[in-house]
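Residue numbers (our numbering): 264 to 448.
By construction, the Cβ of each residue, glycine as well, lies at the ideal position given by its N, Cα and C atoms.
Computed from a prediction, not measured in an experiment: that's the story for all the values here.
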């Protein structure tokens with residue numbers, strides 16, 4: 264659980280979802296990832312000990328974390344990639360649109376969370392929405408790259424996706440960021 268200052272990145276990602284109005288989180292985990300799930304659970308004994316030692320503020324913060332969302336965990340037994348992780352979560356997600364947030368990208372916008380912006384695009388268009396960013400020339404091979412046509416609202420209608428294209432072959436400099444709102448499978 265990589266921290267940013269003293270907060271695990273997974274918590275920052277979940278907080279972004281909460282700020283966007285998301286209340287149910289399906290977390291796909293694998294082997295040796297129990298700490299991710301435990302982080303969002305009550306630690307009654309520790310909270311009690313903290314309170315008895317005069318650290319009620321820390322205990323209160325821990326309690327708030329455990330009450331942020333309704334957490335459902337799904338185990339991905341074999342790490343076969345992002346698509347497989349989503350497939351593993353299909354039953355928990357159900358037949359409704361869903362937000363997909365990856366922990367390796369942090370979007371710092373408390374006023375208008377990135378995933379909330381994508382949810383609005385989905386509601387307006389009925390089409391899946393993916394966060395993108397322009398990357399410097401020569402860095403395209405490090406990202407999934409999309410290309411397409413810009414609409415009047417400043418949104419890219421994606422016509423092509425390439426996962427980490429060979430250097431010099433990318434169809435654009437628009438890279439996928441780890442935020443998606445997708446239709447039901």
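- Around the C-beta of residue 299, 16 or more other C-beta atoms lie within 10 Å, and the residue is accordingly described as buried.
- Of the other Cβ atoms in all chains shown, 16 or more fall within 10 Å of the Cβ of residue 437; this residue is therefore buried.
- Scanning its chain for C-beta atoms nearer than 6 Å, with the 5 sequence neighbours on each side dropped, one finds around residue 421 the residues 409, 411, in chain order.
- In the DSSP assignment, residue 422 falls outside any alpha helix (DSSP H) and lies within the beta strand (DSSP E) extending over 419-426.
- DSSP links residue 292 through a beta bridge to 338.
- Annotation for residue 265: 272 place their beta carbon closer than 6 Å to its own, counting only its chain and skipping 5 residues before and after.
- Residue 442 counts as buried, since no fewer than 16 other beta carbons sit within 10 angstroms of its beta carbon.
- Classified as buried, residue 325 has 16 or more neighbouring CB atoms from the shown chains inside 10 Å of its CB.
- Residue 379 sits close to residue 284, with the two beta carbons spaced by under 8 Å.
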